[in-house]
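695 is the number of the first residue of the sequence shown in the numbering used here; add one for each residue after it. Think of the CB as a built atom: it goes at the ideal place given N, C-alpha and C, for glycine as much as any other residue.
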Amino acid sequence: MSRALRILLAARILLAATMLFGSVMSPSAAENAPLARGTAITDPDLLRKLDQSDALSISRLLQPERNANVALTSDLLFASLPQLKAIPPAIDAEFDRYIAQHKATSPSETIGAGEGFDVQLFDRANLKSSSTRFVLAGIVNRMDRAYVSEESCGEIRLIYRLARFDTNADGSKSATRLPMTFNLVMKARNAHQTDGDGKPVTCAEVARRWLDHGDWQGLIGSRTVPYDAMIDRIETNIQISIAPKSALHDFRSDYLLKVFKYDASTRTFEESTLENQIDRDRILADDALRHDFKAWLLTPENLREFDRGTVLIPEKFLARAAVAPTPAGLDASTMQPEFGMVEGEGKSDPVFTDNDVVGALKQAAARGISMENIRSVAGFQRRLDDVTCSGCHQTRGIGGFHFPGVDWLTDKASNSTIVPASPHFVGDQLRRRDILTAFAAGKRPDFSRGFASRPQTRGNQELAGTEYQDGWGAHCSLQNAGSGTPDKSFTSWTCAKGLTCQAAAASSRIGMCFIKTR
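This is the structure in structure tokens:
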């Protein structure tokens, strides 16, 4: 595509976006605005208009020279966009492995797509259907991830939800959301991006636009930067199966997570490892790999980043797919991605013994490295779980999603989705906004984060007394309620006045805040 065409197309999209953004925000969006201001676009009316205008459809962003004015249905999306050709077969391969594993471990249970099976699979025919397409369900600012790539100032995520559109017997139309999200992850800026005057766009400028106006328009890129220079990867999350409660087991739902990195040289998305998704089974089975992983993670500098939640684990220790079972619960079990790697869980030959962790913490302290979250073996175990993709999705999520997305498909869009995001997502908005504010002021942000179970408020009281921090339903430390010696990693996990921490699992150190009972 010529530079002139890129400039013309970008200008047209920016103009349309500016007009759309001037629309009145819906009541539900106004209620959520204070917490998500500058960090997420969740207004259903705006998202509907953006989706229907095709300005931010997957097909338009991946193939901007396309002349059509409507988003592609699923059958055409994967068939007509060569950039996506590797995604369907990679998903099919994961389904095949999942089915084979289930048949091997539970031969008495049937598995397949449809209600007639004991374990009901996601129907992959939806990805080849002319009746389904991906609709824009939210836009999320993740400049808090600039520590991964400072040059790009972090990420902006366009989150799409698969939906089926049907024509009813009376001729009316109906839409049903399906359990799959498709996240197109863009760089917050390109290194060569310039503003209208030809000046380089800085991280501070990008942050100011978001804080002042919710100005997501910069994610499209400068009028002189190719679209594919802004694309980083695609993340997919599919509810791969549902197993209704039976005599054999409780209700369970599994979610398949995959990542596809964009290769600008070939203009295609290629299957990739998931960030920090430790390949537990492979590490436990390989003595050399487990030795290397322990040595790497317990190095004081790496342990510090692990504590802060900003660690980037080398690819050789990572998996290319993850299945997150839900509900996973608070008790240690094989459903948690780190299970068996820390002493006291599962096998008698863990990767990390209590002495390994305690010794590493002492070594870090001797070097003047202070720990913000990990102050005990239990804190180390919890971080090893929630630093992974699947472990994080299992923690305070809605099923296996942290952002199921805004449902604007119903007639009353403003009231259609009361909570478009999980408690973890909502509770993390203050930290993300704090980072945007630092960027906007030209300061070095503090990228650290707390545990996924408990938001890091950094002194801000906006969450005080809520389910996200210390209100009813918040996670808390049972030791604070007099159950054993307080664990140093969780002593700050208290409940608001009038509430008490009560056990939510048989053996966990973590409980939930409830109204006191006699």
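Under DSSP, Q933 shares a beta bridge with Y949. Linking I932 to T1185 through their CA atoms gives a straight-line distance of about 36 Å.
Under the three-state reduction of DSSP output, I1007 falls in the coil class, being neither helix nor strand. With distances taken between CA atoms, H985 lies nearest to F1046 out of F1046, G1136, S1027 and R1014. A residue is called buried once 16 or more other Cβ atoms fall within 10 Å of its Cβ, and P1114 is buried on that count. Annotated three-state conformation of C1086 is helix, per DSSP. Comparing alpha-carbon positions, the option among R998, G1094, D1050 and H1087 lying closest to R1061 turns out to be R998. Contact annotation: the stretch 755 to 766 touches the stretch 775 to 795, with at least three C-beta pairs closer than 8 Å. At the C-beta level, L950 and I934 come within 9 Å of one another. Boundaries around C1207 are those of the beta strand (DSSP E), I1204 to I1209, since no alpha helix (DSSP H) includes it.
Taking T1179 as the centre and dropping the five residues before and after it, the same chain places the C-beta of Q1173 closer than 7 Å to its C-beta, in chain order. In the DSSP assignment, K1056 falls within the unbroken alpha helix (DSSP H) covering D1048 to A1060. With contacts defined as CB atoms closer than 9 Å, D926 and E1009 fail to qualify as a contacting pair. Take A898, set aside five residues on each side of it, and the residues of its chain with a beta-carbon closer than 6 Å to its own are F1133, A1134 and G1136, in chain order. Closest option to M924, judged by alpha-carbon separation, among D737, F987 and R851: R851. In this chain, the beta strand (DSSP E) harbouring T1194 covers L1193 to A1197. Non-local beta-carbon contacts of D812 in its own chain, meaning distances under 6 Å to residues more than five positions away in sequence, involve E803 and T804 in chain order. Between E1032 and D980, the gap from beta carbon to beta carbon reaches 9 Å or more. Under DSSP, no beta-bridge partner is assigned to I1063. Contact between the stretch 1161 to 1170 and the stretch 1201 to 1209 is established, with three or more Cβ pairs separated by less than 8 Å. Bounds of the beta strand (DSSP E) holding D860 are E849 to T861. One alpha carbon belongs to T870, the other to A857, and they sit about 5 Å apart. Here DSSP, grouped into helix, strand and coil, assigns V834 to strand.
Within the model, the alpha-carbon separation for F987 versus D973 is close to 11 Å. By the Cβ rule, the stretch 1079 to 1089 counts as touching the stretch 1137 to 1154, because three or more pairs are nearer than 8 Å. The beta carbon of S824 sits closer than 8 Å to those of T767, S768, D769 and L770, all from its chain and outside the five residues before and after it, given in chain order.
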